[in-house]
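Worksheet for the structure shown next.
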Amino acid sequence: MMDLLKTTTLTVISLSIGTGGPLPCHGQNIDDASVFRLFNKEITEPAPEPDTVSFVFLGDIMLHSAQIANASEKFTGPDRSDTTGHYSFDFSQYFSDIQEYISAADLAVANMEFTLGGPPFTGYPAFSAPDGYARYMAECGIDVFLTANNHILDKGAQGAVRTLNVYTGLKEEFGTRYTGTGTGPVEFSETNPLIVDIGGLKAALVNFTYGTNAYVHEEYPRVNRTDKGQLLRQFRKAEESRADIIIALPHWGEEYSLLHSAHQYLMAEWLAENGADIIIGTHPHVVQDSTVITVRRGQFSGKKVPVIFSLGNAISNMSARDTQTGLLAKVCAVKHLNGKVEIFPIEFTYLWCSLPGRLKDTHCTIPVKKYLSRPGMWRMQYEYDKMLDSYTRVKTATGIKDQ
Numbered sequence: 001m002m003d004l005l006k007t008t009t010l011t012v013i014s015l016s017i018g019t020g021g022p023l024p025c026h027g028q029n030i031d032d033a034s035v036f037r038l039f040n041k042e043i044t045e046p047a048p049e050p051d052t053v054s055f056v057f058l059g060d061i062m063l064h065s066a067q068i069a070n071a072s073e074k075f076t077g078p079d080r081s082d083t084t085g086h087y088s089f090d091f092s093q094y095f096s097d098i099q100e101y102i103s104a105a106d107l108a109v110a111n112m113e114f115t116l117g118g119p120p121f122t123g124y125p126a127f128s129a130p131d132g133y134a135r136y137m138a139e140c141g142i143d144v145f146l147t148a149n150n151h152i153l154d155k156g157a158q159g160a161v162r163t164l165n166v167y168t169g170l171k172e173e174f175g176t177r178y179t180g181t182g183t184g185p186v187e188f189s190e191t192n193p194l195i196v197d198i199g200g201l202k203a204a205l206v207n208f209t210y211g212t213n214a215y216v217h218e219e220y221p222r223v224n225r226t227d228k229g230q231l232l233r234q235f236r237k238a239e240e241s242r243a244d245i246i247i248a249l250p251h252w253g254e255e256y257s258l259l260h261s262a263h264q265y266l267m268a269e270w271l272a273e274n275g276a277d278i279i280i281g282t283h284p285h286v287v288q289d290s291t292v293i294t295v296r297r298g299q300f301s302g303k304k305v306p307v308i309f310s311l312g313n314a315i316s317n318m319s320a321r322d323t324q325t326g327l328l329a330k331v332c333a334v335k336h337l338n339g340k341v342e343i344f345p346i347e348f349t350y351l352w353c354s355l356p357g358r359l360k361d362t363h364c365t366i367p368v369k370k371y372l373s374r375p376g377m378w379r380m381q382y383e384y385d386k387m388l389d390s391y392t393r394v395k396t397a398t399g400i401k402d403q
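Dropping the structure here:
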């Protein structure tokens, strides 16, 4: 009778555990075979497929004097910064048409081509934007601010430090990070490379610039420059951190040229040979061509590395030939159960930065394809024709096709 009772109890327990029910109470007995059967079933179930991680990259985010003036005119709300005026600007239309692309990404990255050096707020040639501009970008969903560019020292060492301190403050509220610079040795080491873990995939971002428009004699704040020795150390640090993917983000190239230079290509080859998995550039203020480099020597021989030489402008007041056309690049990757990372073909969305009075009352960046079929929305037919002409010319010159 006791044996029968024991068998019955085990059967009930087996059903309970197998269906996610309650575990056996203290004092109940289970034989070894039953334990093996129950828990072996658990471990032989197929593991879930890993999620695909998506990155979005935007080009140069600028704030010229005309943008400052227009955003100030459009502002109607209360000034949250009291006497400083940092929040007396309306940037709300800038990315309203592309925010869905940004916020949908697991990680959105953009080049911040200005400082937050404090008032007076100035545009070219020495940029100083109000703090509200960076806050707006964080609100739009930009997660990583690239700061290694030729304008980061426009307001000197003090301006650069203030910029990075504001970004650090935004991290507490929005989780934003920055890379490419550092206020001191600890900060520089922590942010270069910037290691981010997204859905179980660890990415290392290495942002650097060919130079700066101003020079400071202090060792810090430090800007990550095109120093191969330093870049090698950062690549090795990424590997030691077990990064699954290394994304190189150079600020380089010849302004206003739709095609990359020989120097850019040689540098891209070097980056690929030393561990970069993707290379995405900024600085020329126009879109440049894209290619795939096959590494032919060294440790990474045979690896194929996609290169986007320039994303162009994301927002600005520039109107010279092709400077209103930009790219949004979407990169998807997945880390398989065997540890290997697969990078899918890059998806491109062409952007157009419309100036005030031509589509809306303010500056705004729009996805080109969405507006190509809406010529009636434009206040100035000239602007629509200019967008169509530039879009066609850039696509033809660069060979980059959009979705």
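Using full-length UniProt numbering, the letters of the sequence shown map in sequence onto residues 1 to 403. Even glycine gets a Cβ: it sits at the ideal position worked out from N, Cα and C.
**Item:** One or two residues paired with residue 256 in a DSSP bridge
**Value:** Locating residue 256 in the sequence shown gives position 256, counting from the first residue. Answer is none; residue 256 lacks a bridge partner.
**Asked** Between 381, 347, 271 and 114, which lies nearest to residue 247 when the distance is taken from Cα to Cα?
**Response** In the sequence shown, residue 247 corresponds to position 247, counting from 1. With distances taken between Cα atoms, residue 247 lies closest to 271.
**Request:** Please name the residue, chosen from 304, 144 and 233, that lies closest to residue 196 on a Cα-to-Cα basis.
**Result:** Here the question's residue 196 lines up with position 196 in the sequence shown. Nearest of 304, 144 and 233 to residue 196, Cα basis: 144.
**For residue 263, the three-state DSSP class (helix, strand or coil)** = Looking up residue 263 in the sequence shown gives position 263. Collapsing the DSSP output to three states places residue 263 in a helix.
**Own chain residues within Cβ distance below 7 Å of residue 219, not counting five before or after** = Position 219 of the sequence shown, counted from the first residue, corresponds to residue 219. Cβ neighbours of residue 219 beyond the five flanking positions: none.
**Exposure label - residue 386; buried when at least 16 CB within 10 Å** = Here residue 386 refers to the residue found at position 386 when the sequence shown is read from its first residue. Buried: at least 16 other Cβ atoms inside 10 Å.
**Prompt:** Is residue 185 helix, strand or coil by DSSP?
**Reply:** Counted from its first residue, the sequence shown places residue 185 at position 185. Note: residue 185 maps to helix in three-state DSSP.
**Message:** Taking the alpha carbon of residue 96 as the reference point, which residue from 383, 354 and 398 has its own alpha carbon closest?
**Reply:** Here residue 96 corresponds to residue number 96 of the sequence shown, with the count starting at 1. Among 383, 354 and 398, the Cα nearest to that of residue 96 belongs to 354.
**Item:** Endpoints, the beta strand (DSSP E) within which residue 341 is located
**Value:** Locating residue 341 in the sequence shown gives position 341, where the first residue counts as 1. Looking at the DSSP string, the run of the beta strand (DSSP E) that includes residue 341 is 341–343.
**Extent of the continuous alpha helix (DSSP H) run through residue 71** = Counting from one through the sequence shown, the residue named residue 71 turns up at place 71. 65–74 is the span of the alpha helix (DSSP H), which, as asked, contains residue 71.
**Prompt:** Thinking just about the alpha-carbon of each residue, which of 306, 76 and 156 is nearest to the one in residue 215?
**Reply:** As a working note, residue 215 is residue 215 in the sequence shown. Comparing Cα positions, the closest option is 156.
**Message:** If you measure between the beta carbons of residue 251 and residue 148, is that distance less than 8 Å?
**Reply:** Numbered from its first residue, the sequence shown carries residue 251 at position 251. Numbered from its first residue, the sequence shown carries residue 148 at position 148. Yes.
**Prompt:** What are the boundary residues of the beta strand (DSSP E) that residue 304 is part of?
**Reply:** On the sequence shown, position 304 is the one that residue 304 refers to. Element bounds for residue 304: 304–308.
**Prompt:** residue 202 lies in the alpha helix (DSSP H); which residues open and close that run?
**Reply:** As a first step, residue 202 is located in the sequence shown; it is residue number 202 there, counting from the start. No alpha helix (DSSP H) contains residue 202, which is instead part of the beta strand (DSSP E) from 201–209.
**Request:** Label residue 262 either buried or exposed according to how many other C-beta atoms from any shown protein chain fall within 10 Å of its C-beta, with 16 as the threshold for buried.
**Result:** On the sequence shown, position 262 is the one that residue 262 refers to. The residue in question, residue 262, is exposed, as its Cβ has fewer than 16 Cβ neighbours within 10 Å.
**Request:** For residue 305, count neighbouring C-beta atoms within 10 Å of its own C-beta (all shown protein chains included) and say buried if the count is 16 or more, exposed if not.
**Result:** By one-based count along the sequence shown, residue 305 stands at place 305. Flag for residue 305 reads buried.
**Prompt:** Which whole runs of the alpha helix (DSSP H) in the segment 115–170 are 4 residues long or more, in chain order?
**Reply:** Runs of the alpha helix (DSSP H) lying entirely within the segment 115–170, each at least 4 residues long, are 131–140 in chain order.
**Asked** If you scan the segment 282–332 from start to end, which runs of the beta strand (DSSP E) of 3 or more residues do you find wholly inside it?
**Response** Correct list: 290–294, 304–308 and 313–315.
**Request:** Please list, in chain order, all residues of the same chain as residue 27 whose beta carbon is under 8 Å from its beta carbon, the five residues on each side excluded.
**Result:** As a first step, residue 27 is located in the sequence shown; it is residue number 27 there, counting from the start. A caution first: residue 27 carries a pLDDT of 44, below 50, which makes its placement in the model too unreliable to give a value.
**Message:** Please state the DSSP three-state secondary structure of residue 44.
**Reply:** Counting from 1 along the sequence shown, the entry for residue 44 is found at position 44. Residue placement at residue 44 is poorly supported in this model, since its pLDDT is 49, which falls under 50; the coordinates still yield a value, given next. Per DSSP, reduced to three states, the secondary structure at residue 44 is coil, with no helix or strand assignment.
**Item:** For residue 180 and residue 404, the rounded distance between their alpha carbons
**Value:** Outside the displayed span of the chain (1 to 403) sits residue 404, for which this structure offers no information.
**Prompt:** Applying the criterion that 16 or more other CB atoms from any shown protein chain within 10 Å of the CB defines a buried residue, is residue 141 buried or exposed?
**Reply:** Here the question's residue 141 lines up with position 141 in the sequence shown. Buried, since its Cβ has 16 or more Cβ neighbours within 10 Å.
**One or two residues paired with residue 384 in a DSSP bridge** = Reading the sequence shown from its first residue, position 384 is the one you call residue 384. Residue 384 pairs with nothing; no bridge assigned.
**Request:** Report buried or exposed for residue 207, applying the criterion of at least 16 other Cβ atoms within 10 angstroms of its Cβ.
**Result:** Numbered from 1 along the sequence shown, position 207 holds the residue referred to as residue 207. Buried: at least 16 other Cβ atoms inside 10 Å.
**Asked** Just to confirm, are residue 160 and residue 221 a CB contact at a threshold of 8 Å?
**Response** The residue given as residue 160 occupies position 160 in the sequence shown. The residue given as residue 221 occupies position 221 in the sequence shown. Yes, these two residues count as a Cβ contact at 8 Å.
**Request:** Could you please give me the residues that DSSP links to residue 354 through a beta bridge?
**Result:** Taking the sequence shown and counting its residues from 1, one reaches residue 354 at position 354. Looking at the DSSP assignment, residue 354 forms a beta bridge with 364.
**Segment limits, beta strand (DSSP E) that includes residue 373** = For this step, residue 373 is matched to residue 373 along the sequence shown. No beta strand (DSSP E) contains residue 373, which DSSP labels as neither H nor E.
**Asked** Mind checking if residue 108 is an interface residue toward chain D, Cβ cutoff 8 Å exclusive?
**Response** Among the protein chains of the structure shown there is no chain D, as only one such chain exists.
**Item:** Rounded C-alpha distance that separates residue 200 from residue 376
**Value:** In the sequence shown, residue 200 corresponds to position 200, counting from 1. In the sequence shown, residue 376 corresponds to position 376, counting from 1. Each residue's alpha carbon lies about 46 Å from the other.
**Prompt:** Taking just the CA atoms, how far does residue 337 sit from residue 21?
**Reply:** Taking the first residue of the sequence shown as 1, we reach residue 21 at position 21. Taking the first residue of the sequence shown as 1, we reach residue 337 at position 337. Because the pLDDT of residue 21 is 42, which lies under 50, any placement of that residue in the model is unreliable, and the number read from its coordinates should be weighed accordingly. Using only the alpha carbons, I get a separation of about 29 Å.
**With 16 other Cβ atoms within 10 Å as the buried cut-off, status of residue 284** = Counted from its first residue, the sequence shown places residue 284 at position 284. Buried.
**Counted within 10 angstroms of its Cβ, other Cβ atoms place residue 10 as buried (16 or more) or exposed** = Taking the first residue of the sequence shown as 1, we reach residue 10 at position 10. Residue placement at residue 10 is flagged as unreliable, the pLDDT there being 35, under the threshold of 50; the coordinate-derived value follows with that caveat. Classification for residue 10: buried.
**residue 170 versus residue 176: straight-line alpha-carbon distance, rounded** = For this step, residue 170 is matched to residue 170 along the sequence shown. For this step, residue 176 is matched to residue 176 along the sequence shown. Roughly 6 Å between the two C-alpha positions.
**Prompt:** CB residue 289 to CB residue 343, shorter than 8 Å?
**Reply:** Position 289 of the sequence shown holds residue 289. Position 343 of the sequence shown holds residue 343. The answer is no: Cβ separation not under 8 Å.
**Message:** So, at 6 Å on beta carbons, what are the nonlocal neighbours of residue 67 in its own chain, with the 5 sequence-adjacent residues on each side left out?
**Reply:** Here the question's residue 67 lines up with position 67 in the sequence shown. Only 317 and 363 meet the Cβ criterion.
**Prompt:** By the 10 Å Cβ neighbour count, where 16 or more other Cβ atoms means buried, how is residue 86 classified, buried or exposed?
**Reply:** To locate residue 86, count along the sequence shown from 1; it is residue 86. Buried, by the Cβ-count rule.
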